[in-house]
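A.B. asks: As they're listed, the protein sequences go chains R and Y. Note that the numbering used here has the first sequence beginning at 1, numbered continuously upward. Note that the numbering used here has the second sequence beginning at 398, numbered continuously upward.
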Amino acid sequence: MKTENKYGVDERGFYGRFGGAYIPEMLYPNIEELRENYLRIIETPEFRKEFEGLLADYVGRPTPLYLAQRLSEHYGTTIYLKREDLNHTGAHKINNTIGQLLLAEKLGKKRIIAETGAGQHGVATATVCALRGLECVVYMGEVDMQRQAPNVARMKMLGATVVPATCGSKTLKDATNEALRDWINNPVDTHYIIGSVVGPHPYPDMVARFQSVISREIRRQLLEKSGKEVPDQVIACVGGGSNAMGAFYHFLDDESVKLIGVEAGGEGVDTGRSAATTVLGKDGIIHGSRSLLMQTDDGQIIEPHSVSAGLDYPGIGPQHAHLHETGRVQFVNITDQEAMEAGLLLSKLEGIIPAIESSHALAWLKKMEFTGRESIVISLSGRGDKDLQTYIDFFRL
Amino acid sequence: MNRINELFKKKPGKLLSIYFTAGYPGLEDTIPVARALQEAGADMLEIGFPFSDPLADGPVIQHSSEVALKNGMSLRKLFSQLKELREHVRIPVLLMGYLNPVFQYGMENFCASCAECGIDGLILPDLPMTEFETQYQDLFRRHNLSNIFLVTPESREERIRRIDQLSDGFIYALSSSSTTGKQMDSTLQTEKYFEKLQSMNLRNPLMIGFGVNDRESFQKVVSYAHGAIIGSAFIRLLDKEGARPEVIRRFIHSILGSN
Ligand SMILES: Cc1ncc(COP(=O)(O)O)c(C=O)c1O
């Protein structure tokens with residue numbers, strides 16, 4: 001469906017000036033092995049068949065594109081929710097972990113490592129490892145282990161070892177550092193399943209391809225439901241940016257479709273407690289790729305803040321940095337407060353409790369103006385079970 | 398020719414290079430530690446500039462980096478300290494660190510500041526080889542800075558050859574593929590890898606690092622290479638016993654076995 005490669009990765013692994021593989025020699029053989037093999041493997045009919053088979057029978061895809069009637073009435077327009085929350089394990093993350101696990105098997109790897117913020121990627125990784133009988137180690141910031149305790153329990157029940165990251169801000173970026181260190185120390189038999197469209201090339205492209213199933217389904221479902229080829233707008237939250245990349249992927253070349261990435265504004269972009277990378281970030285290198293990054297003038301990474309553990313990351317994927325710079329995607333931000341209220345609103349209007357990450361995308365609706373004739377697709381990236389305690393504390397439920 | 402090339406000409410074996418973190422244990426310790434190391438008999442120094450997210454480092458250097466940043470170390474501060482480096486230190490000095498702080502400082506400015514302070518070489522482990530080749534090689538040369546590449550037991554032979562062609566100081570061979578501060582593997586495999594490197598007849602001298610921490614490991618690796626690099630073991634010493642010159646002297650002598 002993609003006709004040209006205006007927004008995709010080039011042969012050197014870059015998106016404009018972003019991307020690349022800024023890695024020490026210790027990681028070079030691992031990354032090179034992936035780079036040399038990923039397209040060759042994932043484009044074979046055998047791989048596609050196995051991948052799509054598991055997405056259908058194990059994950060439960062396609063996920064519905066649900067016309068949210070009462071939410072639409074509330075805002076006076078037509079709003080569809082892409083129900084990634086209905087995937088097995090409760091978020092979009094499993095699309096990627098199934099893909100990467102099958103790839104790791106083809107590369108002969110015996111041990112899987114992952115980082116996790118909200119715990120959704122950790123759970124999705126632990127799940128596929130249980131499914132295929134591989135050893136699984138998940139790194140998680142100590143702070144996140146507290147605020148997402150149910151997911152820690154899930155990972156343990158699935159047989160994974162959860163290792164706390166105790167350095168830095170003890171959140172997602174630190175868990176990612178620990179996972180990379182593990183990979184450096186276990187270069188031969190281990191595959192690192194990165195959880196978003198971040199990291200050195202080829203990760204951002206590979207994860208985007210696995211998540212692109214989201215927009216492939218949206219296109220087909222929208223046509224069936226409304227007769228429209230494309231929606232007017234697609235809105236998704238951006239932590240590293242994988243659910244957004246998946247939801248945007250097959251619309252990138254349809255310039256009439258407005259694409260909106262919603263970042264976590266935290267307590268407000270001017271408060272020093274925020275994770276709105278496109279507002280607060282500058283060019284830099286994080287976790288092996290060149291992107292936008294929240295940092296000091298001395299190039300030290302700034303610890304971000306968001307009520308949502310899955311958006312609490314000081315960078316964004318390099319492709320998003322490029323889409324931001326070219327203006328193809330509009331980036332906006334939503335505060336903790338606004339996101340929490342949008343989560344409550346969806347619960348009351350539609351009977352769907354969203355993940356706080358997804359609530360950020362929903363909250364943007366309140367800031368938009370509608371004519372009543374548009375069709376809007378929101379990526380409902382995950383469900384809110386993991387966030388119940390945060391909702392309870394926030395609203396004193 | 399810079400001080401690195403001269404050193405290898407003058408002293409072909411058993412070299413000892415020490416890594417330490419700038420601004421650690423105290424902010425103003427950078428120059429005093431460098432002086433004490435030279436006086437104690439170190440042949441070369443690698444001064445690490447700290448980064449908030451040192452993803453190739455183990456707990457010891459993570460900790461020293463964190464402390465240095467808390468002390469107020471930055472590249473600007475480091476260069477202001479290094480202005481007087483060459484009043485006190487004759488031996489080759491390299492700067493080592495992650496790329497992001499360098500990018501923020503600006504690569505051109507960074508190289509110019511290095512040259513002003515009499516720095517001889519750079520170890521930037523996350524600078525990709527092709528980027529060095531296409532964008533920075535001339536800049537480094539103009540400022541008489543050697544770029545030092547790492548190789549590991551997992552590096553393929555053709556890549557090591559390519560690195561050898563692009564290097565003009567020495568090659569930094571890791572004893573194992575690991576983060577800093579691990580014990581050295583004393584397996585047959587490690588010896589085979591050292592022997593392979595030795596038999597490749599590389600143009601550049603070899604320095605072996607990672608896991609060198611005492612006289613025994615020092616003697617072992619210098620039998621395969623021109624010298625050894627010690628990092629975490631020295632930082633651990635500073636952490637435990639402080640940065641007094643006699644502490645540093647005792648440590649260096651214990652490695653070299655002098656007197
Ligand atoms: C439900 C949900 N949505 C979104 C995210 C953010 O990640 P990404 O930006 O990669 O989609 C997470 C991350 O944990 C998540 O759990």
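For each residue, glycine too, the CB sits at the ideal point set by N, CA and C. All values derive from a computational prediction rather than experimental measurement.
Determine which residues of the segment 176-192 of chain R have a Cβ less than 7 Å from any Cβ of chain Y, and write them out in chain order.
C.D. replies: Cβ contacts with chain Y: N177, L180, R181, I184, N185, P187.
A.B. asks: If you drop the 5 nearest sequence neighbours on each side, which residues of the same chain put their C-beta closer than 6 Å to that of M206 of chain R?
C.D. replies: Stepping through the first sequence from its first residue, residue 206 of chain R is reached at position 206. Taken in chain order, the residues that qualify are Y38.
A.B. asks: Taking the CB atoms as reference points, tell me whether V269 of chain R and I334 of chain R lie closer together than 8 Å.
C.D. replies: Within the first sequence, the letter at position 269 stands for residue 269 of chain R. Within the first sequence, the letter at position 334 stands for residue 334 of chain R. No, Cβ-Cβ distance for V269 of chain R and I334 of chain R is not below 8 Å.
A.B. asks: From this set, R:R273, R:S381, R:F251, which residue's C-alpha is nearest I352 of chain R's C-alpha?
C.D. replies: As a first step, residue 352 of chain R is located in the first sequence; it is residue number 352 there, counting from the start. Nearest C-alpha to I352 of chain R: R:S381.
A.B. asks: Looking at chain Y, is there any beta carbon in it that lies within less than 8 Å of the beta carbon of K170 of chain R?
C.D. replies: Within the first sequence, numbered from 1, the residue matching residue 170 of chain R stands at position 170. Closer than 8 Å: no.
A.B. asks: Which residues mark the beginning and the end of the alpha helix (DSSP H) in which G246 of chain R is found?
C.D. replies: Locating residue 246 of chain R in the first sequence gives position 246, where the first residue counts as 1. Run containing G246 of chain R: 242-248, per the alpha helix (DSSP H) assignment.
A.B. asks: Would you grab the beta carbon distance between A321 of chain R and F18 of chain R for me? Rounded to a whole angstrom, and I think it's under 8 Å.
C.D. replies: Residue 321 of chain R sits at position 321 when you count from the first residue of the first sequence. Residue 18 of chain R sits at position 18 when you count from the first residue of the first sequence. About 4 Å; that satisfies the 8 Å criterion.
A.B. asks: Within the same chain, show all residues whose beta-carbon is closer than 6 Å to that of L311 of chain R, passing over the 5 residues directly before and after it, in chain order.
C.D. replies: Taking the first sequence and counting its residues from 1, one reaches residue 311 of chain R at position 311. Correct list, in chain order: G239, A264, A275, E357.
A.B. asks: Please list, in chain order, the residues of the segment 249-281 of chain R that have any C-beta partner in chain Y closer than 8 Å.
C.D. replies: Hits within the stretch: zero.
A.B. asks: Within this structure, are the beta carbons of L519 of chain Y and T549 of chain Y separated by less than 8 Å?
C.D. replies: The sequence position of residue 519 of chain Y within the second sequence is 122, counting from 1. The sequence position of residue 549 of chain Y within the second sequence is 152, counting from 1. Not a contact, by the Cβ cut-off of 8 Å.
A.B. asks: Please give the ranges of any beta strand (DSSP E) in the segment 55-119 of chain R, keeping only runs that are unbroken, at least 3 residues long and fully inside the region.
C.D. replies: For the segment 55-119 of chain R, whole beta strand (DSSP E) runs of length 3 or above, ordered along the chain, are 65-67, 78-83, 111-116.
A.B. asks: Using a C-beta to C-beta distance shorter than 8 Å, which residues of chain Y count as neighbours of A21 of chain R?
C.D. replies: On the first sequence, position 21 is the one that residue 21 of chain R refers to. Here the neighbours are P525.
A.B. asks: Does the segment 109-127 of chain R come close enough to the segment 413-421 of chain Y that 3 or more CB-CB pairs lie under 8 Å?
C.D. replies: The segment 413-421 of chain Y is not in contact with the segment 109-127 of chain R.
A.B. asks: Counting only beta-carbon separations shorter than 8 Å, does N656 of chain Y have a partner in chain R?
C.D. replies: Taking the first residue of the second sequence as position 1, residue 656 of chain Y is located at position 259. Here the model assigns N656 of chain Y a pLDDT of 49, short of 50, so the residue's position is not dependable, and the following value carries that caveat. Closer than 8 Å: no.
A.B. asks: Counting only beta-carbon atoms, is A453 of chain Y nearer than 8 Å to chain R?
C.D. replies: For the purposes of this step, residue 453 of chain Y is taken as residue 56 along the second sequence, with counting starting at 1. Cβ-Cβ to chain R under 8 Å: yes for A453 of chain Y.
A.B. asks: How far does the alpha helix (DSSP H) with C237 of chain R in it extend, from its first residue to its last?
C.D. replies: Here residue 237 of chain R is taken as the residue at index 237 of the first sequence, counted from 1. Careful: C237 of chain R lies outside any alpha helix (DSSP H), inside the beta strand (DSSP E) at 233-237.
A.B. asks: Is it buried or exposed, N353 of chain Y, if we count other Cβ atoms within 10 angstroms and call 16 or more buried?
C.D. replies: Nothing can be reported for residue 353 of chain Y: it is not among the residues displayed for chain Y, which extend from 398 to 656.
A.B. asks: When every heavy atom of ligand 1 is checked, does at least one fall within less than 7 Å of the C-beta of L388 of chain R?
C.D. replies: On the first sequence, position 388 is the one that residue 388 of chain R refers to. Because no heavy atom of ligand 1 lies under 7 Å away, the Cβ of L388 of chain R does not count as near it: no.
A.B. asks: So which residues on chain Y does D297 of chain R lean against when the C-beta distance must stay under 7 Å?
C.D. replies: As a first step, residue 297 of chain R is located in the first sequence; it is residue number 297 there, counting from the start. The contacting residues are Q501.
A.B. asks: Take I401 of chain Y and list the residues in its own chain whose beta-carbon comes closer than 6 Å to its own, dropping the five residues that flank it on each side.
C.D. replies: Stepping through the second sequence from its first residue, residue 401 of chain Y is reached at position 4. Excluding positions up to five away in sequence, the list reads P489, D517, G518, S543, G566.
A.B. asks: Would a check of beta-carbon distances place Q300 of chain R closer than 8 Å to chain Y?
C.D. replies: As a position in the first sequence, residue 300 of chain R is number 300, starting the count at 1. So, interface residue.
A.B. asks: Hey, is I548 of chain Y's beta-carbon within less than 8 Å of any beta-carbon in chain R?
C.D. replies: As a working note, residue 548 of chain Y is residue 151 in the second sequence. What sits at residue 548 of chain Y in the sequence shown is Val, not Ile. So yes, V548 of chain Y belongs to the interface.
A.B. asks: If you draw a straight line from the C-alpha of T190 of chain R to the C-alpha of R181 of chain R, how long is it?
C.D. replies: As a working note, residue 190 of chain R is residue 190 in the first sequence. As a working note, residue 181 of chain R is residue 181 in the first sequence. Going from the Cα of T190 of chain R to the Cα of R181 of chain R covers about 12 Å.
A.B. asks: Decide yes or no for the touch test of the segment 364-383 of chain R against the segment 86-100 of chain R: beta carbon pairs closer than 8 Å, at least 3 of them.
C.D. replies: Touching, yes.
A.B. asks: For P489 of chain Y, go through chain R and note every residue whose CB falls closer than 7 Å to its CB, in chain order.
C.D. replies: Here residue 489 of chain Y corresponds to residue number 92 of the second sequence, with the count starting at 1. Within chain R, no residue comes near P489 of chain Y; the closest Cβ sits about 22 Å away, beyond 7 Å.
A.B. asks: Quick check on L492 of chain Y: does DSSP put it in helix, strand or coil?
C.D. replies: As a first step, residue 492 of chain Y is located in the second sequence; it is residue number 95 there, counting from the start. If DSSP states are grouped into helix, strand and coil, L492 of chain Y belongs with the strands.
A.B. asks: Note down the Cα distance separating N656 of chain Y from I645 of chain Y, rounded to an integer number of angstroms.
C.D. replies: The residue labelled residue 656 of chain Y in the question sits at position 259 within the second sequence. The residue labelled residue 645 of chain Y in the question sits at position 248 within the second sequence. Confidence in N656 of chain Y is poor, its pLDDT being 49 and thus under 50, which makes the residue's placement unreliable; the coordinate value appears in the next sentence. Taking the straight line from one Cα to the other gives about 15 Å.
A.B. asks: Return yes when at least one heavy atom of ligand 1 lies under 7 Å from the C-beta of N87 of chain R, else no.
C.D. replies: The count along the first sequence starts at 1 and reaches residue 87 of chain R at position 87. The answer is no for N87 of chain R.
A.B. asks: Give me the Cα-Cα distance between K408 of chain Y and H623 of chain Y, rounded to the nearest whole angstrom.
C.D. replies: On the second sequence, residue 408 of chain Y is found 11 positions in, with the first residue counted as 1. On the second sequence, residue 623 of chain Y is found 226 positions in, with the first residue counted as 1. Taking the straight line from one Cα to the other gives about 9 Å.
A.B. asks: Helix, strand or coil for C511 of chain Y, going by three-state DSSP, please let me know.
C.D. replies: The sequence position of residue 511 of chain Y within the second sequence is 114, counting from 1. Three-state result, C511 of chain Y: helix.
A.B. asks: Tell me where the beta strand (DSSP E) around L259 of chain R begins and ends.
C.D. replies: For this step, residue 259 of chain R is matched to residue 259 along the first sequence. Taken as a continuous stretch (DSSP letters only), the beta strand (DSSP E) holding L259 of chain R covers 258-266.
A.B. asks: Could one say the Cβ of R396 of chain R lies closer than 8 Å to chain Y's Cβ atoms, at least one of them?
C.D. replies: Working through the first sequence from its first residue, we reach residue 396 of chain R at position 396. Cβ-Cβ to chain Y under 8 Å: no for R396 of chain R.
A.B. asks: Let me make sure I understand the geometry here. Which of Y:V457, Y:I545, Y:D523 has the alpha-carbon closest to that of E443 of chain Y?
C.D. replies: Translated into positions along the second sequence, residue 443 of chain Y becomes position 46. Selected option, being the one with the closest Cα: Y:I545.
A.B. asks: Which residues of chain Y have a Cβ atom closer than 8 Å to the Cβ of K173 of chain R, listed in chain order?
C.D. replies: Your numbering for residue 173 of chain R matches position 173 in the first sequence. The answer, in chain order, is D450.
A.B. asks: Just verifying my parser: in three-state terms, what is the DSSP assignment at T296 of chain R?
C.D. replies: Reading the first sequence from its first residue, position 296 is the one you call residue 296 of chain R. The answer is coil: DSSP assigns T296 of chain R none of H, G, I, E or B.
A.B. asks: With 8 Å as the threshold, decide whether the Cβ of M140 of chain R is near any Cβ in chain Y.
C.D. replies: Residue mapping note: residue 140 of chain R aligns to position 140 of the first sequence, counting from 1. No, its Cβ sits nowhere closer than 8 Å to a Cβ of chain Y.
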